[in-house]
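Trainee: I'd like to ask some things about the structure below.
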Amino acid sequence: MKPLEPVGKVLNMETGILEPSERVTQRHISGMRHMYADTDAVSQILEDEGDRLIYEVHTVDLPEEEGLVLYGTTIIHPGRVGEEFHMTKGHFHTKRSRGEVYLGLAGEGYLVLQTRNGVVRSLPMRPGTVGYVPPMWAHRTVNISDEPFIFFAAWPGDAGHDYSTIEQMGFAKLLLVRDGKAIFVDNPKFNKTQ
Ligand code: PAN
Ligand code: ZN
5 MKPLEPVGKV LNMETGILEP SERVTQRHIS GMRHMYADTD AVSQILEDEG
55 DRLIYEVHTV DLPEEEGLVL YGTTIIHPGR VGEEFHMTKG HFHTKRSRGE
105 VYLGLAGEGY LVLQTRNGVV RSLPMRPGTV GYVPPMWAHR TVNISDEPFI
155 FFAAWPGDAG HDYSTIEQMG FAKLLLVRDG KAIFVDNPKF NKTQ
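In short: position in the sequence shown from 1, add 4, done, that's this note's numbering.
What follows is the structure in structure tokens.
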């Protein structure tokens, strides 16, 4: 491994922007079409307003190597798709033995975790909440507020991101709004056999 220089950055706790900024990834609704339960609602949004920005991720530009710690912020814009709140795609780490730490900065949401067998746990996240993602758990975040939900995360450099397992199996629970409240319901499209 090449020696790296120590680097300090400034994190704006209100906007989640890291300065100097490095890699910015934007996730739009078209790339998450099948992740939302209500696919008709997705089509309607695409028709009415175009390709809605759901969330963005600002990360350091470091090699994905064992021994390094990578970090970044995620900003999930407020909104719904049908009854479902805006959320991240969610993933397992490719190396399942790698965990992660999340720190809530602004807004309000949930960190939803799931094992390979479809056991789901959820942690409410607010500014100052430290959410721990143990090894082996897939993780997704959901914005349940009317503000951007912003958090910081740090994970091992060699963790890797496996999106396809979650894309195929989905999460066993959905977070919906009913009567103005956020509730968890069973996901009818959950596919445990992946
Ligand atoms: C986070 C996530 C970030 C975006 O930094 O990558 O919140 O979510 P998706 O990767 O599921 O789109 C993390 O968990 N890194 O490992
Ligand atoms: Zn992760």
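We treat Cβ as the ideally placed atom computed from N, Cα and C, and that holds for glycine.
Within 10 angstroms of the Cβ of Thr-29, are there 16 or more other Cβ atoms? Answer buried if so, exposed if not.
Mentor: Exposed: under 16 other Cβ atoms inside 10 Å.
Trainee: Between which two residues does the alpha helix (DSSP H) containing Ala-202 stretch?
Mentor: The question about residue 202 has no answer, for the chain in this structure spans 5 to 198.
Trainee: Which partner residues of Met-91 appear in the DSSP bridge assignment?
Mentor: Val-146.
Trainee: Decide if Ala-157 is buried, meaning its Cβ has at least 16 other Cβ atoms within 10 Å, or exposed.
Mentor: The residue is buried, with at least 16 neighbouring Cβ atoms inside 10 Å.
Trainee: Buried or exposed: where does Thr-197 fall if 16 or more other Cβ atoms within 10 Å of its Cβ makes it buried?
Mentor: Looking at its Cβ environment, which holds fewer than 16 other Cβ atoms inside 10 Å, Thr-197 is exposed.
Trainee: Please tell me whether, using a cut-off of 7 Å, the distance from the CB of Val-61 to the nearest non-hydrogen atom of the ligand PAN is below it.
Mentor: Result yes, Cβ under 7 Å from the ligand PAN.
Trainee: Might you give, ordered along the chain, the residues of its own chain that have their beta carbon closer than 8 Å to the beta carbon of Tyr-75, omitting 5 neighbours on each side?
Mentor: These residues qualify, in order along the chain: Thr-63, Val-64, Phe-156, Ala-157, Ala-158 and Trp-159.
Trainee: Would you kindly work out how many angstroms separate the C-alpha atoms of Pro-139 and Pro-67, rounded to a whole number?
Mentor: Answer to the nearest angstrom: the Cα atoms are 21 Å apart.
Trainee: Assess, as a yes-or-no matter, whether the stretch 87-99 is touched by the stretch 171-183 under the definition of 3 or more beta carbon pairs within less than 8 Å.
Mentor: Yes, the stretch 171-183 touches the stretch 87-99.
Trainee: Ignoring anything shorter than 4 residues or poking outside the stretch 112-194, list the alpha helix (DSSP H) runs there in chain order.
Mentor: Whole alpha helix (DSSP H) segments, 4+ residues: 168-173.
Trainee: By how many angstroms is the C-alpha of His-32 removed from the C-alpha of Ile-79?
Mentor: Each residue's alpha carbon lies about 13 Å from the other.
Trainee: DSSP three-state call for Gly-213: helix, strand or coil?
Mentor: For the chain, the structure presents residues 5 to 198; residue 213 sits outside this window and is missing.
Trainee: Could you check the C-alpha separation between Ile-154 and Arg-84 for me, to the nearest Å?
Mentor: When rounded, the distance between both Cα atoms is 16 Å.
Trainee: How is Gly-108 classed by DSSP in three states: helix, strand or coil?
Mentor: The answer is strand: DSSP assigns Gly-108 an E or B state.
Trainee: With DSSP collapsed to three states, give me the class of Gly-76.
Mentor: Residue state, collapsed to three classes: strand.
Trainee: Can you check whether the CB of Glu-70 is closer than 8 Å to the CB of Asp-162?
Mentor: Cβ distance < 8 Å, so Asp-162 and Glu-70 count as in contact.
Trainee: Tell me whether the beta-carbon of Asn-147 lies closer than 8 Å to the beta-carbon of Gly-108.
Mentor: No.
Trainee: Residues with a Cβ closer than 7 Å to any heavy atom of the ligand ZN, in chain order?
Mentor: Matched residues: His-95, His-97, Glu-104, Val-137, His-143, Ala-157, Trp-159, Ala-163 and His-165.
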